[in-house]
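A short worksheet on the structure shown next.
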Amino acid sequence: MAEEQSQSGNEYREQRIANLRKLEELGFNPYGQAFERTRLSEIRADFAEDKTVRAAGRLMTVRRMGKASFATISDGTANFQIFIKKDLLSEQQFQGFSYLDLGDFVGVEGRLFTTRMGEPTIEVHAWNFLGKAILQPPEKYHGLQDVEERYRKRYLDLMMNPESRDRFNKRSAILAEIRNFLHARGFTEVETPMMQPQAGGAAAKPFYTHHNALDTEMVMRIAPELYLKRLIVGGFDKIFELGKDFRNEGIDRTHNPEFTVLEVYEAYGDRTSMKAIIEGLLPHLCDRVLGRMTVEYGEAKEVLDFTPPYREIAYRDAVKQVMGDDWFELTVEQARAKAEAQGVAIDPAWNHLLVTHEVYGKLVEKTLRQPTFVTRIPRQFVPLAKACPDDPELVDVFEFVVAGKELCPGYTEQNDPLAQRKAFADQAGDDPEKIDEDFITALEHGMPPTGGLGMGIDRLVMMLTGTEVIRDVILFPQMKQAGKPGAQASVPVS
Numbered sequence: 000m001a002e003e004q005s006q007s008g009n010e011y012r013e014q015r016i017a018n019l020r021k022l023e024e025l026g027f028n029p030y031g032q033a034f035e036r037t038r039l040s041e042i043r044a045d046f047a048e049d050k051t052v053r054a055a056g057r058l059m060t061v062r063r064m065g066k067a068s069f070a071t072i073s074d075g076t077a078n079f080q081i082f083i084k085k086d087l088l089s090e091q092q093f094q095g096f097s098y099l100d101l102g103d104f105v106g107v108e109g110r111l112f113t114t115r116m117g118e119p120t121i122e123v124h125a126w127n128f129l130g131k132a133i134l135q136p137p138e139k140y141h142g143l144q145d146v147e148e149r150y151r152k153r154y155l156d157l158m159m160n161p162e163s164r165d166r167f168n169k170r171s172a173i174l175a176e177i178r179n180f181l182h183a184r185g186f187t188e189v190e191t192p193m194m195q196p197q198a199g200g201a202a203a204k205p206f207y208t209h210h211n212a213l214d215t216e217m218v219m220r221i222a223p224e225l226y227l228k229r230l231i232v233g234g235f236d237k238i239f240e241l242g243k244d245f246r247n248e249g250i251d252r253t254h255n256p257e258f259t260v261l262e263v264y265e266a267y268g269d270r271t272s273m274k275a276i277i278e279g280l281l282p283h284l285c286d287r288v289l290g291r292m293t294v295e296y297g298e299a300k301e302v303l304d305f306t307p308p309y310r311e312i313a314y315r316d317a318v319k320q321v322m323g324d325d326w327f328e329l330t331v332e333q334a335r336a337k338a339e340a341q342g343v344a345i346d347p348a349w350n351h352l353l354v355t356h357e358v359y360g361k362l363v364e365k366t367l368r369q370p371t372f373v374t375r376i377p378r379q380f381v382p383l384a385k386a387c388p389d390d391p392e393l394v395d396v397f398e399f400v401v402a403g404k405e406l407c408p409g410y411t412e413q414n415d416p417l418a419q420r421k422a423f424a425d426q427a428g429d430d431p432e433k434i435d436e437d438f439i440t441a442l443e444h445g446m447p448p449t450g451g452l453g454m455g456i457d458r459l460v461m462m463l464t465g466t467e468v469i470r471d472v473i474l475f476p477q478m479k480q481a482g483k484p485g486a487q488a489s490v491p492v493s
């Protein structure tokens, strides 16, 4: 069967090349020139009978009927029907159209009219050949169902699936509206290094590279946080960065090693000012990009409502709601047994705090479906944040959770250099080289009270487009090379 498919594909290719040669014999340039045109979406929106228009796009369907043909072209903004009639074209143009294949690019000029079926149509008076497709496009309904093909050959996915194009158009609009929202509130967009001498700002495994000119080992950043805080020290008061982070870790439905992050820092702010940004930004995005405050998420069409204000719950209370009011009175052995009874694997060496955090990640978080701020988290898990004023064992932060997944942490940032050094040292253990001394030095020059947040853009786009698989919101997700062992994706398409 594979050989038959390959042979069939080769036959189609040879036939298309033969058609190309026929067009050349008729005097057509098969790879065309620039063509001044109006987008099809604009023609549709501003439709008027008998109006003359120029349009261009990829040939998606053709129905030939002797001396006339109906066809559909697509330019990525819309599809539009065109009408070809022998009486309206030169012999060369009419004959040439008969050698066009699906996937070819054409530019057309003609008159707008509406068919008896009510379909807006361009009556073509002249057309230009703009680009030949030598390979056959996938069949519209069954030709691109393979998950690997959709990710490896994203251009085919975008060509054949309007919903994919719409999703990535929404991603672009989300990024634009994030910038608009923050610029309108006085924030300055900045850029910090993606290659750094030392990993910092998160607990993650980095990618390493070598800088030839400096003859030194570098890491691809796992977070921009420490550089952004240096800018707060330097006098910037409201800043944000939209950029790539890299973590040499696993790939699954919600993780990709290369991902896009928004980080925001505001001098003289705290956790509550970051909460206000989230409760302003999310409704802004819903309104401007979606036109509504609700999203149907995933195959189950779960309705997520982004109308503020959002629920707030303390970490301990969230755990007790799932594990029982007596959870924090249990011994570590009892807690371990209770967690394992609910399917959570627990390391025998873990103390009660670590058991609790594993339970939170595996059982508690997924119960938080509507937008929720989880606050007052144990300090051991957030070394870059300030302690709560009423309890030094907890930090003044939130984790913003939607549909059972963390979307955004927000902090009252640590600005005490002595406390920060101790937190770094506790985290580094026996490896003092992990302490970023330059950042500590910057803090010792003084940093005002500061609020900060970091939001995963890929997950945000997933939430707002109702998508459950991160690869569906990244144009070119990381994949094993085709043909290598293990190259088949285990992540299903949404």
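Quick note on numbering: numbering that gives the first Met the number 0 labels position 357 of the sequence shown as 356, and the sequence is numbered without any gaps. A virtual CB, placed ideally from N, CA and C, is assigned to each residue, including glycine. Fair warning: this is a prediction, and the values are worked out from it, not measured in the lab.
Simplified DSSP state of residue i, which is helix, strand or coil
| i | result |
| --- | --- |
| V52 | strand |
| K66 | coil |
| W126 | strand |
| S89 | coil |
| A313 | strand |
| R110 | strand |
| A266 | strand |
| E364 | helix |
| T371 | strand |
| M478 | coil |
| Q195 | strand |
| Y207 | strand |
| V358 | helix |
| F423 | helix |
| G31 | coil |
| M116 | coil |
| F46 | coil |
| G75 | coil |
| M446 | coil |
| D324 | coil |
| T464 | helix |
| L452 | strand |
| E3 | Reliability fails at E3, whose pLDDT of 36 lies under 50, so the model's placement of it is uncertain and no value is given. |
| L281 | helix |
| V490 | Any answer about V490 is weak, because its pLDDT of 41 lies below 50 and its placement is not dependable; what the coordinates show is given next. Note: V490 maps to coil in three-state DSSP. |
Buried versus exposed, by CB contacts within 10 Å (16 or more), residue i
| i | result |
| --- | --- |
| M462 | buried |
| G502 | With the chain represented from 0 up to 493, any question about residue 502 goes unanswered, as that position is not in the structure. |
| N168 | exposed |
| T113 | exposed |
| Q487 | Confidence in Q487 is poor, its pLDDT being 44 and thus under 50, which makes the residue's placement unreliable; the coordinate value appears in the next sentence. Under this definition Q487 is an exposed residue. |
| V302 | exposed |
| L474 | exposed |
| N28 | exposed |
| P476 | buried |
| R115 | exposed |
| I16 | exposed |
| P192 | exposed |
| R63 | exposed |
| K131 | buried |
| L58 | buried |
One or two residues paired with residue i in a DSSP bridge
| i | result |
| --- | --- |
| A386 | V394 |
| P377 | L393 |
| I81 | A70 and I121 |
| D304 | T293 |
| H254 | D251 |
| F239 | E188 and V263 |
| P408 | E398 |
| L155 | Answer is none; L155 lacks a bridge partner. |
| M219 | M194 |
Cα-Cα separation between residue i and residue j, rounded to whole angstroms
| i | j | result |
| --- | --- | --- |
| E90 | F128 | 15 angstroms |
| P136 | E162 | 17 angstroms |
| Q413 | D214 | 34 angstroms |
| N247 | P256 | 6 angstroms |
| P119 | Q80 | 7 angstroms |
| I456 | T259 | 5 angstroms |
| F232 | L289 | The question names Phe, but residue 232 in the sequence shown is Val. Roughly 38 angstroms separates the two Cα atoms. |
| A317 | L353 | 16 angstroms |
| N18 | N9 | 14 angstroms |
| I173 | Q94 | 46 angstroms |
Contact belief for residue i with residue j at Cβ below 8 angstroms, rounded distance in angstroms
| i | j | result |
| --- | --- | --- |
| F82 | I121 | 7 angstroms |
| A338 | V358 | 5 angstroms |
| L111 | T76 | With a Cβ gap of about 17 angstroms, L111 and T76 do not count as contacting. |
| T374 | Y314 | 7 angstroms |
| V263 | L181 | 7 angstroms |
| K274 | F397 | 6 angstroms |
| H210 | M194 | 7 angstroms |
Chain D contact for residue i (CB, 8 angstroms cutoff)
| i | result |
| --- | --- |
| T120 | The structure shown contains no chain D; it holds only a single protein chain. |
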